[in-house]
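Novice: Input: one structure, supplied below.
Protein chains in written order, with this note's numbering: chain A, 235 to 388; chain B, 235 to 388; chain C, 462 to 546; chain D, 462 to 546.
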């Protein structure tokens with residue numbers, strides 16, 4: 235029986251990808267493929283001073299764990315890590331990290347992609363834009379494309 | 235016009251994921267998604283002492299660059315890094331790293347997956363297994379599954 | 462007996478508080494009944510819950526549909542569609 | 462005039478050298494002709510190129526099919542299917 239490593243965290247501070255991977259793979263010889271997804275704060279127009287990430291404490295972690303367990307089961311993953319930041323995040327900064335580990339590459343790619351598609355639509359986080367001029371902007375609207383990305387896994 | 239960062243390396247030494255990502259994303263605000271793939275040396279049965287990676291110097295880099303340029307074009311990537319190690323690699327050690335950066339997540343996932351599927355079947359690298367008892371084992375056979383994974387992109 | 466309600470994002474901003482304990486009438490049975498009841502509590506609730514079809518609800522920190530009964534809920538979360546990740 | 466041949470993995474091991482310069486007869490026109498010609502050079506070549514259909518060939522470090530003409534090749538690489546990644 236393979237050991238399955240599941241790590242879920244919601245935190246204000248930044249994360250370090252290599253140390254998160256090391257925590258998942260250290261001392262193991264059964265992992266052949268690790269896929270990571272990092273979501274960053276974009277600001278192509280220079281109109282943004284920061285994104286503010288609000289979350290539902292407790293439920294955010296519980297929902298991420300529920301999705302992670304589905305992904306582990308469906309793709310026979312050996313490990314899954316999901317870290318979501320909250321609070322103010324500057325353009326270029328990290329928002330979310332997902333790491334999926336598996337014996338082979340397709341399962342690792344699918345596991346990470348599935349986790350992100352469901353996290354986007356089900357985990358209780360909300361983004362608000364703060365304008366470059368110090369103005370408080372709008373809450374980001376949910377996208378139909380995200381629902382479609384999720385529904386392709388049915 | 236967005237700057238596109240393309241990095242291709244074949245090297246004996248290990249790589250550090252976070253610093254490779256930092257090199258790709260530093261100072262940019264147009265990247266919203268970074269997907270990485272790390273391929274590791276597996277040894278579930280404990281029968282392996284090391285994998286030995288042979289490559290065709292010059293052609294290996296050229297072929298990786300050719301595939302990377304196809305991926306950048308096809309998925310409108312903002313950056314792509316591919317690092318492949320050669321020489322002896324111990325079980326649990328890193329073999330290959332691919333990083334794809336894009337404005338949104340689907341392109342980053344597709345870019346990294348496409349790069350790996352073509353790298354596996356087209357880049358001139360060969361794996362030989364060294365047995366746990368000090369025996370020199372067989373060359374790893376090419377897999378039909380890898381050809382199929384590549385052909386799904388046609 | 463009271464129920465704890467927690468609000469997030471623009472629902473929280475429009476209602477003007479992050480949470481409250483309220484007593485619910487006996488005829489508030491489902492999530493849909495709850496949203497309609499809240500809409501009657503004042504302009505700020507009306508403004509927040511104007512389009513109940515877009516509002517998401519969690520009972521005891523699990524997503525539920527609008528036809529779910531709320532009996533036994535310790536905590537009910539009310540919020541817009543999620544936009545994390 | 463000679464052509465540089467480079468061998469990799471089990472093709473290299475069976476032929477017993479990583480590279481060589483050889484003079485090719487005028488009737489060796491395509492990659493397929495080359496593989497057949499090499500098979501006639503001795504047991505080690507016969508052993509390496511026994512199943513030419515699995516052998517991959519690159520001219521000047523680019524993959525080519527077996528019907529490709531070799532005229533103008535500075536370097537011809539001969540190797541098994543790739544197994545990197």
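Backbone N, C-alpha and C fix where the C-beta goes; we use that ideal spot for every residue, glycine too.
Specify whether the stretch 464 to 471 of chain D and the stretch 527 to 537 of chain C touch according to this definition: at least 3 beta carbon pairs, one from each stretch, less than 8 Å apart.
Specialist: They do not touch, by the three-pair rule.
Novice: Over what stretch of residues does the alpha helix (DSSP H) that includes residue 493 of chain C continue unbroken?
Specialist: Here the alpha helix (DSSP H) through residue 493 of chain C covers 492 to 500.
Novice: Helix, strand or coil: which one does DSSP assign to residue 367 of chain A?
Specialist: Looking at residue 367 of chain A - three-state DSSP - the assignment turns out to be coil, as it is neither helix nor strand.
Novice: Measuring alpha carbon to alpha carbon, tell me which residue in C:463, C:488, C:542 and C:505 is nearest residue 514 of chain C.
Specialist: Checking every option, the nearest Cα to that of residue 514 of chain C belongs to C:542.
Novice: Can you pull the DSSP bridge partners for residue 319 of chain B?
Specialist: The partner list for residue 319 of chain B (beta bridge, DSSP) reads B:245.
Novice: Is it a yes or a no for the stretch 265 to 278 of chain B touching the stretch 296 to 305 of chain B, going by three-plus beta-carbon pairs under 8 Å?
Specialist: Because the criterion of three Cβ pairs below 8 Å is not met, the stretch 265 to 278 of chain B and the stretch 296 to 305 of chain B do not touch.
Novice: Can you check which of these residues, B:296, B:262, B:272 and B:268, is closest to residue 335 of chain B by C-alpha distance?
Specialist: Residue 335 of chain B has its Cα closest to that of B:268, out of B:296, B:262, B:272 and B:268.
Novice: Below 8 Å on the Cβ atoms is my contact criterion, and I expect residue 287 of chain A with residue 319 of chain A to pass it. Report the Cβ-Cβ distance as a whole number of Å.
Specialist: Right, their Cβ atoms sit about 6 Å apart.
Novice: Check each candidate in A:373, A:297 and A:377 and name the one with the smallest Cα separation from residue 473 of chain C.
Specialist: Out of A:373, A:297 and A:377, A:373 has the C-alpha closest to the C-alpha of residue 473 of chain C.
Novice: At the level of alpha carbons, what is the spacing between residue 524 of chain D and residue 346 of chain A?
Specialist: Those two C-alpha atoms are separated by around 33 Å.
Novice: Near residue 488 of chain C, what residues of its chain come up, given a Cβ to Cβ distance below 8 Å and the 5 sequence neighbours on each side ignored?
Specialist: Only 494 meet the Cβ criterion.
Novice: Could you run through the stretch 257 to 270 of chain A and flag, in chain order, every residue whose CB is less than 9 Å away from some CB of chain B?
Specialist: Of all residues in the stretch 257 to 270 of chain A, 259, 260, 261, 262, 263, 264, 265, 266, 267, 268, 269 and 270 have a Cβ within less than 9 Å of some Cβ in chain B.
Novice: Find out if the Cβ-Cβ distance for the pair residue 503 of chain C, residue 518 of chain C is shorter than 9 Å.
Specialist: Cβ atoms of residue 503 of chain C and residue 518 of chain C: not closer than 9 Å.
Novice: Any Cβ of chain C within less than 9 Å of the Cβ of residue 317 of chain A?
Specialist: Answer no: the Cβ-Cβ gap between residue 317 of chain A and chain C never drops below 9 Å.
Novice: Within 9 Å of any Cβ in chain D, is that where the Cβ of residue 357 of chain B sits?
Specialist: Yes - at least one Cβ of chain D is within 9 Å of the one on residue 357 of chain B.
Novice: Whose Cβ in chain A lies nearer than 7 Å to the Cβ of residue 542 of chain C?
Specialist: Under the 7 Å cutoff, chain A gives 376.
Novice: Which stretch, first to last residue, makes up the beta strand (DSSP E) that contains residue 238 of chain A?
Specialist: It is not in any beta strand (DSSP E) - residue 238 of chain A carries neither H nor E in the DSSP assignment.
Novice: Can you say whether residue 486 of chain D is buried or exposed, counting buried as having 16 or more other CB atoms within 10 angstroms of its CB?
Specialist: Residue 486 of chain D should be labelled exposed.
Novice: Can you name the start and end residues of the beta strand (DSSP E) that residue 290 of chain B belongs to?
Specialist: Element bounds for residue 290 of chain B: n/a, residue is neither H nor E.
Novice: Would residue 245 of chain A pass as an interface residue toward chain B - the criterion being a Cβ-Cβ separation below 9 Å?
Specialist: No, residue 245 of chain A does not count as interfacial toward chain B.
Novice: Which residue wins for smallest C-alpha separation from residue 378 of chain A, given the options A:271, A:355, A:370 and A:359?
Specialist: Ranking the options by Cα distance to residue 378 of chain A, first place goes to A:355.
Novice: Within 9 Å of any Cβ in chain D, is that where the Cβ of residue 297 of chain B sits?
Specialist: By this cut-off, residue 297 of chain B is an interface position.
Novice: Quick check: what's the CA-CA separation for residue 483 of chain D versus residue 498 of chain D?
Specialist: Taking the straight line from one Cα to the other gives about 11 Å.
Novice: Contact defined as beta carbons within less than 8 Å: I believe residue 323 of chain B pairs with residue 284 of chain B. What is the distance between those atoms, to the nearest angstrom?
Specialist: Rounded, the Cβ-Cβ distance is 6 Å, consistent with contact.
Novice: Could you check what DSSP says for residue 270 of chain B in three-state terms: helix, strand or coil?
Specialist: Correct three-state label for residue 270 of chain B: strand.
Novice: Please state if the CB of residue 313 of chain A and the CB of residue 259 of chain A are separated by a distance shorter than 9 Å.
Specialist: Yes, Cβ-Cβ distance for residue 259 of chain A and residue 313 of chain A is below 9 Å.
Novice: Measuring CA to CA, which of B:290, B:297 and B:248 is closest to residue 350 of chain B?
Specialist: Nearest C-alpha to residue 350 of chain B: B:297.
Novice: Show which residues of chain A have a CB atom less than 9 Å away from the CB atom of residue 310 of chain B.
Specialist: The contacting residues do not exist; residue 310 of chain B stays about 13 Å from chain A at best.
Novice: Along the stretch 313 to 347 of chain B, where does the CB come closer than 8 Å to a CB of chain A? Name the residues.
Specialist: Cβ contacts with chain A: 325, 326, 337, 339, 340, 342, 343, 346 and 347.
Novice: Which residue or residues does DSSP assign as beta-bridge partners of residue 360 of chain B?
Specialist: According to DSSP, which records beta bridges pairwise, residue 360 of chain B is partnered with B:288.
Novice: Starting from the C-beta of residue 317 of chain A, find all residues in its chain whose C-beta is less than 6 Å away, skip the five residues before and the five after it, and write them out in chain order.
Specialist: Excluding positions up to five away in sequence, the list reads 243, 249 and 331.
Novice: Does the CB of residue 527 of chain D have a neighbour CB from chain B at under 9 Å?
Specialist: Not an interface residue.
Novice: By DSSP, does residue 478 of chain C sit in helix, in strand, or in coil?
Specialist: The answer is coil: DSSP assigns residue 478 of chain C none of H, G, I, E or B.
Novice: Are any of the Cβ atoms in chain B nearer than 9 Å to that of residue 507 of chain D?
Specialist: So, not an interface residue.
Novice: List the DSSP bridge partners of residue 334 of chain A.
Specialist: Paired residues: A:269 and A:314.
Novice: Does the beta-carbon of residue 357 of chain B have 16 or more other beta-carbons within 10 angstroms, so that it is buried, or is it exposed?
Specialist: Its Cβ being crowded by 16 or more others within 10 Å, residue 357 of chain B is buried.
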